[in-house]
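Here the structure comes first, spelled out in structure tokens, and everything after it is commentary.
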Amino acid sequence: MYYKLRDGIVQTKICGVFMLIPTRRASEYCPHIQKVGLLLYAAIELLERGEPMEKVYRMYSILTKKPDDEVHKMVHDQLEELCAKGFLVKTEDPNEQD
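For this note's numbering, add 1 to where a residue sits in the sequence shown, where the first one is 1.
Now the structure itself:
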């Protein structure tokens, strides 16, 4: 299972904070912008390139110094939350086009 940005969503950096925002009429969405931490942004970058989840878990584990099982749940929960909010989509093929 892979995650990718939903069509029409872009990554941007505003005031030093990475965010995911809709590409069209972004100003209308300002009150609803989803802030994404740098670690999660890095995870999305890896996933968009088709890297395996294990690489993402390893990165989180090294940077947060947390045990693997805790990291797995944290990463999964954050990615699922972004899916629920419509920023990411799940796909079986990282190269699949919308």
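All C-beta atoms in this analysis are idealised placements derived from N, C-alpha and C, irrespective of residue type, glycine included.
If you're wondering where the values come from, they're calculated on a predicted model, not measured in any experiment.
message: What does the alpha-carbon distance come out to for the pair L41 and V76?
response: Here residue 41 refers to the residue found at position 40 when the sequence shown is read from its first residue. Here residue 76 refers to the residue found at position 75 when the sequence shown is read from its first residue. The straight-line gap from Cα to Cα measures roughly 8 Å.
query: Bridge partners of T65, per DSSP?
result: As a working mapping, residue 65 is identified with position 64 in the sequence shown. For T65, which the question treats as bridged, DSSP gives no partner whatsoever.
message: Relative to the C-alpha of Q79, which candidate in K66, T92, Y58 has its C-alpha closest?
response: Locating residue 79 in the sequence shown gives position 78, counting from the first residue. Taking only the C-alpha atoms, the option nearest Q79 is Y58.
task: Could you please give the first and the last residue of the uninterrupted beta strand (DSSP E) stretch that includes K91?
output: Numbered from 1 along the sequence shown, position 90 holds the residue referred to as residue 91. Residues 89-92.
task: Spell out the partners DSSP gives K5 in its beta bridges.
output: Against the sequence shown, residue 5 aligns to sequence position 4. K5 is bridged to V90.
- prompt: Given a threshold of 16 other Cβ atoms within 10 Å of its Cβ, counted over all protein chains shown, does A44 qualify as buried or as exposed?
  reply: Start at 1 with the first residue of the sequence shown, and residue 44 comes out as number 43. Answer is buried; the Cβ neighbour count reaches 16.
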